[in-house]
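Single-structure report; data block below.
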Amino acid sequence: MHDSKVPARILRMFFHDCFIRGCDASVLLDSTPGDQAEKDGPPNISVRSFYVIDDAKTKLEMACPHTVSCADIVTIAARDVVTMSGGPHWNVLKGRKDGRISKAAETINLPAPTFNVTQLIQSFAKRGLGAKDLVALSGGHTLGFSHCSSFDARLHNFSSAHDIDPSMNNEFSQKLRKKCPKPNKDHNAGEFLDSTSSTFDNDYYRRLMAGKGVFGSDQALVGDYRTRWIVEAFSKDQSLFFKEFVASMVKLGNVGVIENGEVRLKCRVVN
């Protein structure tokens, strides 16, 4: 692990894979001339570090050919980056098959950073996940970084009444406005979603309680009675967060598992 950005990217890759057609490695498939794949859909343009999965697949094919699916590799890698970053360890069920379909248009089904809690709850419910899963899995943002474009609507012309989103801590919003001016020439500018961005911990929830959530969809979890109590509990008790995060990752890892897929030989192309 030479790149500090890899853990967040792998965790996000897993989430974005499982949320579309279930955990079937459809996010890994490259686009073909007649078909734009998920990885080229707008929310996935910033999903990176596919080379980590390719590398693992190459080694596995040499050691144990035609056996371990790309879907299992992504699921195991997501667990490993959490553990290596100081988070919990859990057993990953194996035996997923790889899907043969990947459509960029379906990435519209991913939850957006602008969603309110009702939209988030509905989005998760379609995958058999409840409010506690929503809050626990949002905690994956403890490893995250975001470019300004995903949250600058909270900093400039937020509404007719407020230039800045009033749910945001004042000092924090001023800091972000300096990083993300309007217009912004620095396309790499952005903010970490947690002050300990390379450590998997409950700092993300403590920041939400202080009004320092970067995404509107993160800060909204504190403003809604259905989710606030869970954020509060996780902010006070890291071991509780770890326990619930593991339970939700196992649930997410079992969403839409397909029986009749294949074990891809190369993760970027169907056999």
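Residue numbering for the sequence shown is 1 to 271, as defined by the UniProt record's numbering. Note that beta-carbon positions come from the ideal geometry of N, C-alpha and C, so glycine has one too.
Assuming the contact rule is C-beta atoms closer than 8 Å, residue i and residue j should be a hit. Round their C-beta distance to whole Å, please.
| i | j | result |
| --- | --- | --- |
| Leu143 | Pro7 | 5 Å |
| Ser138 | Asp237 | With 8 Å as the limit, Ser138 and Asp237 do not qualify as a contact, their Cβ atoms being about 16 Å apart. |
| Trp90 | Val246 | 5 Å |
| Ser31 | Asp24 | In fact, because the Cβ distance is near 17 Å, the residues do not count as touching under 8 Å. |
| Phe50 | Gly140 | Rounded, the Cβ-Cβ distance is 18 Å, inconsistent with contact. |
| Asn109 | Ile20 | 6 Å |
| Pro121 | Arg48 | It should be noted that the sequence gives Ile, not Pro, for residue 121. Rounded, the Cβ-Cβ distance is 29 Å, inconsistent with contact. |
Are the beta-carbon atoms belonging to residue i and residue j less than 8 Å from one another?
| i | j | result |
| --- | --- | --- |
| Ala37 | Ala104 | yes |
| Ser160 | Gly211 | no |
| Cys18 | Val263 | no |
| Val74 | Ile101 | no |
| Leu11 | Ala78 | yes |
| Ala71 | Lys97 | yes |
| Phe200 | Ser85 | yes |
| Leu29 | Val269 | yes |
| Ser4 | Ser150 | no |
| Leu129 | Leu252 | yes |
| Thr114 | Gly216 | yes |
| Lys185 | Asp152 | no |
| Ser248 | Ala136 | yes |
| Val81 | Pro88 | no |
In the DSSP assignment, what residue or residues form a beta bridge with residue i?
| i | result |
| --- | --- |
| Thr32 | Asp35 |
| His145 | Correcting the residue type first, residue 145 is Phe in the shown sequence and not His. Phe192, per the DSSP bridge assignment. |
| Lys266 | Val269 |
| Asp98 | Glu262 |
Consider the Cβ of residue i: report whether some Cβ of chain D lies at a distance smaller than 8 Å.
| i | result |
| --- | --- |
| Gln122 | Included in the structure is just one protein chain, with no chain D present. |
I'd like the ranges of any alpha helix (DSSP H) spanning at least 4 consecutive residues and lying wholly in the stretch 238-263.
The alpha helix (DSSP H) runs of length 4 or more contained entirely in the stretch 238-263 are, from start to end of the chain, 238-253.
Is it the case that the stretch 176-193 contacts the stretch 135-152, given that we only count it when at least three CB pairs across the two stretches are under 8 Å?
Touching, yes.
Kindly provide the ranges of any beta strand (DSSP E) runs that are 3 or more residues long and lie completely inside the stretch 171-202, ordered along the chain.
Entirely contained in the stretch 171-202, the beta strand (DSSP E) runs reaching 3 residues are, in chain order, 190-192.
For the pair the stretch 168-185 and the stretch 50-57, tell me if three or more CB-CB distances fall below 8 Å.
Segment contact: the stretch 168-185 against the stretch 50-57, fewer than three CB-CB distances shorter than 8 Å; contact not assigned.
Is there contact here, the stretch 225-233 with the stretch 200-209, by at least three beta-carbon pairs under 8 Å?
Touching, per the Cβ criterion.
Which ranges does the alpha helix (DSSP H) cover as unbroken runs of at least 4 residues, wholly within the stretch 27-91, from first to last along the chain?
Within the stretch 27-91, the complete alpha helix (DSSP H) runs of at least 4 residues are 50-63, 70-84.
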